[in-house]
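So the protein lines, in turn, are chains A and B.
Residues in the first sequence are numbered from 1 upward in steps of one, following the numbering used here.
Residues in the second sequence are numbered from 343 upward in steps of one, following the numbering used here.
Note that the Cβ used here is the ideal one computed from N, Cα and C, for glycine as well.
Keep in mind the model is a prediction, meaning the values are calculated, not measured.
Report on one structure; see the data block that follows.
There are 2 protein chains.
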Amino acid sequence: MLTQGATRPLGLSDVAARAGVSLQTVSRVVNHHPNVAAATRERVLRAIAELGYRPNTAARALVTGSSRAIGLVATHINQYGPAQTLLGLEQAARSAGYSLGVTILDENSASAMRDAVDRLVAQSVDAVVALSTYGKAVDALRRFVAPVPLIAVQVGRGEDHPTVWVDQELGAELATRHLLELGHRTVHHVSGPVDSLEARGRLRGWRRELVRAGAPVPEPIEGDWTAAAGHAVGRRLAAARLRGEDVTAVFLANDQMALGLLNALHGEGISVPGQVSVVGFDDVPEAAFYTPPLTTVRQDFAELGRRGVELVLCRLNGAVRELEPVQPLLVVRDSTGPASRT
Amino acid sequence: MLTQGATRPLGLSDVAARAGVSLQTVSRVVNHHPNVAAATRERVLRAIAELGYRPNTAARALVTGSSRAIGLVATHINQYGPAQTLLGLEQAARSAGYSLGVTILDENSASAMRDAVDRLVAQSVDAVVALSTYGKAVDALRRFVAPVPLIAVQVGRGEDHPTVWVDQELGAELATRHLLELGHRTVHHVSGPVDSLEARGRLRGWRRELVRAGAPVPEPIEGDWTAAAGHAVGRRLAAARLRGEDVTAVFLANDQMALGLLNALHGEGISVPGQVSVVGFDDVPEAAFYTPPLTTVRQDFAELGRRGVELVLCRLNGAVRELEPVQPLLVVRDSTGPASRT
DNA sequence: CAGGGAGATGTTAGCGCTAACAAGCCCGCC
DNA sequence: GGCGGGCTTGTTAGCGCTAACATCTCCCTG
């Protein structure tokens with residue numbers, strides 16, 4: 001029916017001819033205009049089905065100036081969180097009748113961001129969603145005056161554009177408090193790259209909770225989200241323990257780094273959670289199967305994508321809406337335990 | 343320069359007026375036609391830069407019938423492999439001047455696949471790339487007569503469409519042989535879902551290698567790519583060992599499942615590689631930090647994406663080209679060791 | 001029963017761009 | 001010196017669709 005050879009020059013006029021109506025009437029049916037007689041609509045619909053007609057989006061975009069497409073500017077799409085958000089985004093967009101154009105930023109510069117948005121705009125997308133972008137690229141995003149609505153997802157709380165975000169600070173507080181309540185004197189932190197707004201949020205939450213509890217605030221260690229970084233930190237912390245430093249609890253800004261840390265500690269013969277408790281962030285599906293299963297903070301990434309689309313749709317209707325941040329959730333597994341006074 | 347307020351009604355005619363030439367000449371400059379005087383081209387280029395003109399892709403698509411866009415139909419984009427391939431794909435497409443439209447298949451049915459391709463075609467993409475799709479959806483793909491070139495990436499060796507693929511059988515053989523050479527009498531296999539062509543390829547390679555070596559071929563166990571599945575299998579194999587069965591080597595069709603298995607074996611007090619050797623597949627970045635670091639088979643996913651675009655470009659030029667499969671690579675780490683005769 | 005209004009349908013004019021053709025120009029050649 | 005041919009530029013006609021306006025028909029109201 002739909003796959004009918006390589007010929008596909010069907011237009012409104014073909015349908016119109018077949019249904020015995022004018023081209024405009026077909027257009028009305030296709031666009032669900034109210035003022036079409038039921039019988040006529042029926043006839044047109046049948047003709048459309050028989051012919052396998054599909055409207056030409058390019059023509060429509062040309063005349064309406066809108067393509068019913070959303071452009072996505074993303075980085076780190078190969079990581080669990082962003083990928084999951086992409087999934088939510090695509091699904092929500094699709095069910096709202098929008099298609100998704102994707103551009104990857106392979107550099108965190110302001111110019112790369114400008115180019116990306118520009119490229120998307122040239123494709124006449126109706127809105128642009130920026131997904132977990134970083135550093136300079138985010139700066140470019142703020143006070144960016146694009147000809148279309150610009151929505152930021154997971155780039156921290158936006159100031160100049162509508163934003164959808166998970167409450168990173170809360171998540172970090174949850175993690176830190178959990179460790180403190182277990183009796184640890186303080187909690188060390190391995191952050192993400194500091195030019196990431198998410199990383200900064202987690203860092204803030206961690207620090208705030210320590211301060212609130214009156215616990216000492218150790219110097220945070222900057223990681224780069226990779227397991228390798230976590231591994232390096234693990235060896236470093238193990239050495240610090242040997243020097244007699246008080247390292248019994250570590251909160252890492254994502255699960256990959258936590259995995260690396262776990263691996264390093266295991267290699268150094270330090271037991272988790274016996275000697276050191278570890279908390280990650282994200283709750284990747286594998287976290288439950290790390291050795292030991294990782295206590296971590298769950299984020300609903302797909303929800304983020306859905307809300308992003310929701311915000312886009314609101315904006316397109318002229319409504320300006322602020323959304324509540326998504327609440328993260330602490331998932332306690334086996335990598336955390338009571339502080340052992342040795 | 344590019345961000346110049348919310349107004350953006352610039353057209354060829356604006357540029358033409360500014361440069362003092364006809365609209366068509368501007369079009370020629372934009373499209374790199376050869377027959378434009380150098381001085382004129384210069385003048386037009388300047389006008390374009392000054393005005394910040396960007397061609398309207400919808401209009402261009404309408405008149406040329408081509409949008410310089412590639413459509414991607416994908417599933418499992420939240421997993422490492424496909425996500426990585428997406429990255430390669432997008433980058434290659436972009437540097438060839440193509441944009442990427444993404445559609446996710448949320449169901450492996452033939453009709454979902456048809457809808458997805460149809461949706462993409464309606465957006466007048468120039469070609470469709472199907473990325474690691476499954477079961478019925480793949481069946482629909484074969485002998486699918488689309489109005490645009492259709493390229494399959496990572497869906498096994500294609501019969502009706504040009505295909506880019508990693509030699510899964512070879513990878514599985516590598517893994518199996520490695521274990522056999524370590525002195526294991528046989529190798530157990532945890533496969534992916536059998537409606538996945540990749541899973542089937544790995545299964546075939548594993549079986550072939552066992553047969554070649556004259557080793558017994560145990561019943562393969564079907565998994566679903568998740569760590570949870572690997573965990574379940576781990577418990578099952580541990581029980582089998584207790585019953586005296588000869589389980590000393592396991593090859594799993596991906597790293598996530600291997601992680602689950604590792605976790606289960608650890609929980610059962612079975613040492614890896616002391617008592618059981620484990621090999622995964624994919625070499626996700628975390629595999630080097632599993633406990634113990636996982637021996638696995640590396641696939642170059644990004645290369646797959648690049649080749650996909652290459653094939654699209656060839657096809658668009660009318661050339662039909664067959665590409666060699668990408669070679670996988672065995673990465674030996676610490677989860678495999680010599681068989682211990684107990 | 002005339003007038004008006006609402007609903008149904010048709011007609012027209014582009015959206016911004018490119019392909020095809022047309023026109024002018026300069027050059028070299030016989 | 002006239003003329004053909006290549007180079008450069010301009011003109012025209014849509015691509016397939018929708019918005020705005022024009023019609024026409026019917027039915028209801030006073």
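DSSP-derived helix/strand/coil call for residue i
i: residue 624 of chain B; result: strand
i: residue 276 of chain A; result: coil
i: residue 270 of chain A; result: coil
i: residue 671 of chain B; result: strand
i: residue 390 of chain B; result: helix
i: residue 534 of chain B; result: coil
i: residue 681 of chain B; result: coil
i: residue 364 of chain B; result: coil
i: residue 144 of chain A; result: coil
i: residue 575 of chain B; result: helix
i: residue 662 of chain B; result: coil
i: residue 413 of chain B; result: strand
i: residue 153 of chain A; result: strand
i: residue 99 of chain A; result: strand
i: residue 215 of chain A; result: coil
i: residue 163 of chain A; result: strand
i: residue 36 of chain A; result: coil
i: residue 456 of chain B; result: helix
i: residue 451 of chain B; result: coil
i: residue 524 of chain B; result: coil
i: residue 399 of chain B; result: helix
Per-residue burial, residue i [other beta carbons within 10 Å of its own, 16 or more giving buried]
i: residue 424 of chain B; result: buried
i: residue 670 of chain B; result: buried
i: residue 173 of chain A; result: buried
i: residue 306 of chain A; result: buried
i: residue 32 of chain A; result: exposed
i: residue 468 of chain B; result: buried
i: residue 21 of chain A; result: buried
i: residue 95 of chain A; result: exposed
i: residue 324 of chain A; result: exposed
i: residue 111 of chain A; result: exposed
i: residue 534 of chain B; result: buried
i: residue 321 of chain A; result: exposed
i: residue 351 of chain B; result: exposed
i: residue 88 of chain A; result: buried
C-beta contact flag for residue i and residue j at 8 Å
i: residue 209 of chain A; j: residue 168 of chain A; result: no
i: residue 13 of chain A; j: residue 61 of chain A; result: no
i: residue 646 of chain B; j: residue 506 of chain B; result: yes
i: residue 562 of chain B; j: residue 584 of chain B; result: no
i: residue 650 of chain B; j: residue 471 of chain B; result: yes
i: residue 73 of chain A; j: residue 25 of chain A; result: no
i: residue 276 of chain A; j: residue 298 of chain A; result: no
i: residue 580 of chain B; j: residue 612 of chain B; result: yes
i: residue 115 of chain A; j: residue 142 of chain A; result: no
i: residue 417 of chain B; j: residue 442 of chain B; result: no
i: residue 333 of chain A; j: residue 246 of chain A; result: no
i: residue 257 of chain A; j: residue 230 of chain A; result: yes
i: residue 386 of chain B; j: residue 371 of chain B; result: yes
i: residue 113 of chain A; j: residue 146 of chain A; result: no
i: residue 531 of chain B; j: residue 548 of chain B; result: yes
i: residue 654 of chain B; j: residue 412 of chain B; result: yes
i: residue 59 of chain A; j: residue 397 of chain B; result: no
i: residue 522 of chain B; j: residue 574 of chain B; result: no
Cross-strand partners of residue i (DSSP beta bridge)
i: residue 638 of chain B; result: B:673
i: residue 593 of chain B; result: B:531 and B:621
i: residue 405 of chain B; result: Partner(s): none; residue 405 of chain B has no beta bridge.
i: residue 128 of chain A; result: A:71 and A:150
i: residue 564 of chain B; result: B:533
i: residue 446 of chain B; result: B:416
(message) Output needed in chain order: residues of the segment 580–605 of chain B with a Cβ under 8 Å from some Cβ in chain A.
(response) 598, 601, 602, 604 and 605
(message) Any C-beta of chain B within less than 9 Å: which residues of the segment 88–116 of chain A qualify?
(response) 90, 91, 94, 99, 100, 101, 102, 103, 104, 106, 114 and 115
(request) Anything in the segment 284–299 of chain A with a Cβ closer than 8 Å to a Cβ of chain B? List those residues in chain order, please. (result) 285, 286, 288, 289, 290, 291 and 293
(request) Compile a chain-ordered list of the residues in the segment 558–570 of chain B whose CB is closer than 9 Å to at least one CB of chain A. (result) 568, 569 and 570
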